[in-house]
Structures are given as structure tokens and as C-alpha cells.
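**Q** Numbering (the working numbering), first residue to last: 1 to 73. Just so you know, even glycine gets a beta-carbon here, dropped at the ideal spot from N, CA and C. First the structure, which I've put down as C-alpha cells, then a few questions once you've had a look.
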């Protein structure tokens, strides 16, 4: 069994109300910091990148679809 090295965001401070992440070549592991021995989720890296892309879509500048004018044009 592979030993996972868990990390949490520096934005979490000393609170235990956050998610922790551990990366391996095959999976991105996610767990609740309050329940370290509890259940975990595991995603393939490509699936995790897609999730992050969509979860942060509102933070990126709007890109019009190909052939569509931008709102500023």
C-alpha cells in the first residue's frame, strides 16, 4: 500500500474544516480533514483537471466560442 502525503490549502489556516489532497501518478486523492481515517475519493488526474477547469470557470475571462463576437467588440 502506498503512503499518501496529505496537504491542505494554506487558505485553510488552523481550521480542520477543509479538504486535503494527496497526489500519486495514478490518482488525486481527496479526504475530509476532520475524518482523516474516513472515506476518500480518488480521481484520475485528467478527470481532476477537468473538474478544476469547470469549477473555476467563473474566474477566467469570458472567451467567446469560435466564430462568435466578443462582448467588447
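Please identify the residue among 47, 50 and 20 whose C-alpha is closest to the C-alpha of residue 11.
**A** Along the chain shown, read from residue 1 onward, the residue named residue 11 stands at position 11. Among 47, 50 and 20, the Cα nearest to that of residue 11 belongs to 20.
**Q** In angstroms, rounded to a whole number, what distance separates the CA positions of residue 22 and residue 52?
**A** On the chain shown, position 22 is the one that residue 22 refers to. On the chain shown, position 52 is the one that residue 52 refers to. Cα to Cα, the separation comes out at about 15 Å.
**Q** At what residues does the alpha helix (DSSP H) containing residue 53 begin and finish?
**A** Locating residue 53 in the chain shown gives position 53, counting from the first residue. Segment 45-55, the alpha helix (DSSP H) holding residue 53.
**Q** Buried or exposed, going by whether 16 or more other CB atoms sit within 10 Å of the CB of residue 31?
**A** For the purposes of this step, residue 31 is identified with residue 31 of the chain shown, where counting begins at 1. The residue in question, residue 31, is buried, as its Cβ has 16 or more Cβ neighbours within 10 Å.
**Q** Per DSSP, residue 29 is paired with what?
**A** Counting from 1 along the chain shown, the entry for residue 29 is found at position 29. Paired residues: 22 and 42.
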